[in-house]
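Protein sequence lines correspond, in order, to chains G, S and R.
First residue of the first sequence? That's 413 in the numbering used here, and the numbers climb one at a time after it.
First residue of the second sequence? That's 135 in the numbering used here, and the numbers climb one at a time after it.
First residue of the third sequence? That's 4 in the numbering used here, and the numbers climb one at a time after it.
From the three backbone atoms N, C-alpha and C, an ideal C-beta is built for every residue, glycine too.
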Amino acid sequence: MALLNSKTKAVLLGPLSKNNPVIVQVLGICSALAVTSKLEPSLVMAIAVVLVTAFANVIISLLRNSIPNRIRIIVQLVVVASLVTIVSEVLKAFAYDVNKQLSVFVGLIVTNCILMGRLEAFALGNGPWPSFLDGIGNGLGYGWILVVVGFFRELLGSGTLMDIQVIPESFYEVGYENNGLMMLAPMAILLVACIIWVHRAQNKELQEESN
Amino acid sequence: MNRESNVYTIIYSVVMVVIVALGLAFTHQVLSDKQIANENIDKMQQILRSLNIDASADEAQEAFSKLIQNAYLINDQGEKLDGTEGISPDDPAFSTELGDSSAEGMPVYEAEIDGATKYVIPMSGAGLWGSIWGYLAVEAEGSTIYGAEFDHAGETPGLGAEIADTPFKGQFKGKSLFRDGEFRSIAVVKPGRTVANRDYVDGISGGTITSQGVDNMLLESVGEYKSFLENLNAANR
Amino acid sequence: MEAINLIVRSIFVDNMIFAYFLGMCSFLAVSKNVKTALGLGVAVTFVLVITLPLNYLLETHVLKAGALAWLGDEYATMDLSVFSLLIFIAVIASFVQLVEMVIERFSPALYSSLGIFLPLIAVNCAILGGSLFMQQREFANVGLATAYGFGSGIGWLLAIVGMAAIREKLEYSNVPKPLKGLGITFIITALMAIGFMSFAGIDI
Numbered sequence: 413m414a415l416l417n418s419k420t421k422a423v424l425l426g427p428l429s430k431n432n433p434v435i436v437q438v439l440g441i442c443s444a445l446a447v448t449s450k451l452e453p454s455l456v457m458a459i460a461v462v463l464v465t466a467f468a469n470v471i472i473s474l475l476r477n478s479i480p481n482r483i484r485i486i487v488q489l490v491v492v493a494s495l496v497t498i499v500s501e502v503l504k505a506f507a508y509d510v511n512k513q514l515s516v517f518v519g520l521i522v523t524n525c526i527l528m529g530r531l532e533a534f535a536l537g538n539g540p541w542p543s544f545l546d547g548i549g550n551g552l553g554y555g556w557i558l559v560v561v562g563f564f565r566e567l568l569g570s571g572t573l574m575d576i577q578v579i580p581e582s583f584y585e586v587g588y589e590n591n592g593l594m595m596l597a598p599m600a601i602l603l604v605a606c607i608i609w610v611h612r613a614q615n616k617e618l619q620e621e622s623n
Numbered sequence: 135m136n137r138e139s140n141v142y143t144i145i146y147s148v149v150m151v152v153i154v155a156l157g158l159a160f161t162h163q164v165l166s167d168k169q170i171a172n173e174n175i176d177k178m179q180q181i182l183r184s185l186n187i188d189a190s191a192d193e194a195q196e197a198f199s200k201l202i203q204n205a206y207l208i209n210d211q212g213e214k215l216d217g218t219e220g221i222s223p224d225d226p227a228f229s230t231e232l233g234d235s236s237a238e239g240m241p242v243y244e245a246e247i248d249g250a251t252k253y254v255i256p257m258s259g260a261g262l263w264g265s266i267w268g269y270l271a272v273e274a275e276g277s278t279i280y281g282a283e284f285d286h287a288g289e290t291p292g293l294g295a296e297i298a299d300t301p302f303k304g305q306f307k308g309k310s311l312f313r314d315g316e317f318r319s320i321a322v323v324k325p326g327r328t329v330a331n332r333d334y335v336d337g338i339s340g341g342t343i344t345s346q347g348v349d350n351m352l353l354e355s356v357g358e359y360k361s362f363l364e365n366l367n368a369a370n371r
Numbered sequence: 004m005e006a007i008n009l010i011v012r013s014i015f016v017d018n019m020i021f022a023y024f025l026g027m028c029s030f031l032a033v034s035k036n037v038k039t040a041l042g043l044g045v046a047v048t049f050v051l052v053i054t055l056p057l058n059y060l061l062e063t064h065v066l067k068a069g070a071l072a073w074l075g076d077e078y079a080t081m082d083l084s085v086f087s088l089l090i091f092i093a094v095i096a097s098f099v100q101l102v103e104m105v106i107e108r109f110s111p112a113l114y115s116s117l118g119i120f121l122p123l124i125a126v127n128c129a130i131l132g133g134s135l136f137m138q139q140r141e142f143a144n145v146g147l148a149t150a151y152g153f154g155s156g157i158g159w160l161l162a163i164v165g166m167a168a169i170r171e172k173l174e175y176s177n178v179p180k181p182l183k184g185l186g187i188t189f190i191i192t193a194l195m196a197i198g199f200m201s202f203a204g205i206d207i
């Protein structure tokens, strides 16, 4: 059995670029940009979102024929909230420091619009396997934006990557300075704007007509 | 069975709630030991940082048991309470939280660095948004600060949150809690200001209320240890 | 006094959008004209003002470690905080549902102007974010929690209305093609956020 035919492949890979949840669908920007001042929490956040999206998609897809329509939203929220609680418990047990840095933003994965968006738009109408791939794809599409933003903010803001100094000492001696502005929250948004700019310059069909 | 009927909806929600509750309770049970261990290690790391030692989570336990010679509770008069000694996480000195009304006393940690004894005392107070806490390492004579460590629950990033960063904490080393034999603690002032009769450090610009919180904490929390510190002073005169 | 201070701080210094980027999805989607932006802002404020104290009471009397002590000594050691996320979101979602039904029943006019935003609000990060920050910041009483909810809501409203006003004017400007729409909105948000940072340190 071919696990990836052309349709499922599109489901998995589409969200990485042409149908990216953050920069094209405009979903899920809320919860996570405040954690991107360092690469490590961005990575952990990305992984957490990939896992939660994938498994929430699978669970809702398995339940899709039994959920009463009236309490659909609540059922989805409960499934997502339980998964997120599990993720946060696991983080507390195995990555305590990162969990402290992420603080309330782990909990905010619940209201990450990507999750509800994908559950409503995809998992309720598709089988478990495509739903799983859709979850992974959208999680990754969101994750790579986060990681790119985290990469630049840490590199330019603190001169480190994963807390390891990468800008050599000799740079500082000739007058190079870390850009403190990068550590401030608005820079995350500005970096996403830059990613959008590059992405839309490449993919002309995504450009919008009006402001 | 009809998916939209009331009975089905109610049964469905009940079953879902039970499953979810069991699942979460189970996860919490399985992981709670590990979580408590992490919290203990985090506390050890904070105490070590007040002694200017930056230990990673793996080394913390070892460094802690090597450096901390003793830990015990003291009463209001600054006297050691018998039977409260011990530095393991289960001992009262480690598990007692400051400000807990049911606690028997207040914890003190004794560390030995390069042959000299330092005393580490915990502090707790309120910042702008929530609680702030920290540890203050004092030299054996009970007045000069050897090092300080602060942390917070949720101060504003980039402003109040900077109390947890080295530039702020580093200012404390060498300051004195006593002046002319009187307990004055250390003031946190607006950058550029000075205070006449106390030692002081610069607060965080833009983090006024958090800085005030630290100031209060240094006065009140450390003030509780006044008699203990005076006893140390007297012993070393 | 403390409550007023808290309100001012949560509107300007710790603005939900500009300091934490909470509620960005609807902020970006519904900020094209001032009128709808105002409607959504009011709805968000309303839901925050109600759900925050509700969750505060649940947190202090049911969920927190030792919060069940009022049931008797044997319950004093119980810690239900593992369920807090679940309970918070359930309260928010059911309240939103309730409001929707009540408004639809009693004021169809208001429903038609506000109704479309209500389902959006259940998954607005600013609402759950408010509750989670409330839990983290351990407010002293329910009044302060309400004040925080109100301030955060007004801050959110201010942000989205300001954004919508700028975007209405933006119609006439010549923006580089790849930045049209989403891109320029992001840049404006960042600039507004930097502007709001100058409020840091205000203190009443």
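With distance defined between alpha-carbon atoms, name the residue in the options nearest to residue i.
i: Leu201 of chain S; options: S:Leu270, S:Asn140, S:Leu185 and S:Ser277; result: S:Leu185
i: Ala468 of chain G; options: G:Val492, G:Leu503 and G:Leu451; result: G:Val492
i: Leu88 of chain R; options: R:Met195, R:Leu135, R:Ala168 and R:Leu147; result: R:Leu135
i: Ala330 of chain S; options: S:Arg313, S:Lys252 and S:Ser345; result: S:Arg313
i: Val11 of chain R; options: R:Leu66, R:Ala150 and R:Thr188; result: R:Ala150
i: Ile90 of chain R; options: R:Leu74, R:Pro179, R:Val102 and R:Thr63; result: R:Thr63
i: Gln346 of chain S; options: S:Val152, S:Pro325 and S:Gln211; result: S:Pro325
i: Gly276 of chain S; options: S:Glu219, S:Gln179 and S:Glu316; result: S:Glu316
i: Arg140 of chain R; options: R:Leu55, R:Tyr175 and R:Val37; result: R:Leu55
i: Ala171 of chain S; options: S:Val322, S:Ser229, S:Ile208 and S:Ile153; result: S:Ser229
i: Thr278 of chain S; options: S:Leu165, S:Ser265 and S:Tyr334; result: S:Tyr334
i: Ile187 of chain R; options: R:Ala46, R:Asn18, R:Ser13 and R:Ser34; result: R:Ser34
i: Thr400 of chain G; options: S:Phe160, S:Val149, S:Asp210 and S:Ser265; result: The structure shown does not extend to residue 400 of chain G, since chain G is modelled only from 413 to 623, so the question has no answer here.
i: Ala32 of chain R; options: R:Ile191, R:Phe202 and R:Leu185; result: R:Leu185
i: Leu531 of chain G; options: G:Val610, G:Ala600, G:Val487 and G:Ile435; result: G:Val487
i: Leu463 of chain G; options: G:Glu581, G:Ala605, G:Val502 and G:Ala600; result: G:Val502
i: Gln212 of chain R; options: R:Tyr59, R:Met4, R:Ile169 and R:Leu9; result: It is not possible to answer for residue 212 of chain R, since the shown part of chain R is limited to 4 through 207.
Per DSSP, what kind of secondary structure is residue i in: helix, strand or coil?
i: Asn204 of chain S; result: strand
i: Lys108 of chain S; result: In the structure as shown, chain S starts at 135 and stops at 371, and residue 108 of chain S therefore has no counterpart that could be examined.
i: Ile247 of chain S; result: strand
i: Phe284 of chain S; result: strand
i: Phe142 of chain R; result: coil
i: Gly268 of chain S; result: strand
i: Met413 of chain G; result: Its pLDDT being 43, under 50, Met413 of chain G is placed unreliably by the model, and the measurement read from it follows with that caveat. DSSP places Met413 of chain G in coil when its eight states are reduced to three.
i: Gln437 of chain G; result: coil
i: Pro241 of chain S; result: strand
i: Ile255 of chain S; result: strand
i: Pro420 of chain G; result: It should be pointed out that residue 420 of chain G corresponds to Thr in this sequence rather than to Pro. Helix at Thr420 of chain G.
i: Arg183 of chain S; result: helix
i: Ile459 of chain G; result: helix
Which same chain residues end up closer than 7 Å to residue i when comparing Cβ atoms and leaving out the 5 residues on each side of it in sequence?
i: Tyr23 of chain R; result: Gly132
i: Pro540 of chain G; result: Val470, Ser473 and Leu474
i: Gly146 of chain R; result: Ala6
i: Ala70 of chain R; result: Thr63 and His64
For residue i, which residues in the same chain have their Cβ closer than 6 Å to its Cβ, ignoring the five residues on either side in sequence?
i: Ile579 of chain G; result: Gly571
i: Ser271 of chain S; result: In the sequence under discussion, the amino acid at residue 271 of chain S is Ala, which differs from the Ser named in the question. Cβ neighbours of Ala271 of chain S beyond the five flanking positions: Ser184, Leu185, Lys252, Val254, Tyr280 and Gly281.
What do you get for residue i, buried or exposed, if any count of 16 or more other CB atoms within 10 angstroms of its CB means buried?
i: Arg482 of chain G; result: exposed
i: Met209 of chain R; result: Residue coverage of chain R in this structure runs from 4 to 207, which leaves residue 209 of chain R outside it and unanswerable.
i: Tyr253 of chain S; result: buried
i: Pro301 of chain S; result: exposed
i: Val438 of chain G; result: buried
i: Ser593 of chain G; result: Correcting the residue identity first, residue 593 of chain G is Leu in this sequence and not Ser. So Leu593 of chain G ends up on the exposed side.
i: Phe583 of chain G; result: exposed
i: Thr80 of chain R; result: exposed
i: Ile145 of chain S; result: exposed
i: Gly587 of chain G; result: exposed
i: Trp73 of chain R; result: exposed
i: Val447 of chain G; result: buried
i: Arg327 of chain S; result: exposed
i: Gly537 of chain G; result: exposed
Using a Cβ-Cβ distance cut-off of 8 Å, determine whether residue i contacts chain C.
i: Val85 of chain R; result: Considering every chain present, this structure includes no chain C. Its protein chains are G, S and R.
Cutting at 8 Å between CB atoms, please list the residues of its own chain near residue i, excluding the five before and the five after it.
i: Val99 of chain R; result: Val50, Leu121, Pro122, Ile124 and Ala125
i: Ala250 of chain S; result: Glu273 and Ala274
Inter-stretch contact (C-beta, 8 Å, three-pair minimum) for the region 496–511 of chain G and the region 547–561 of chain G: no
Validate contact between the region 305–322 of chain S and the region 358–371 of chain S using beta carbons, cut 8 Å, 3 pairs: yes
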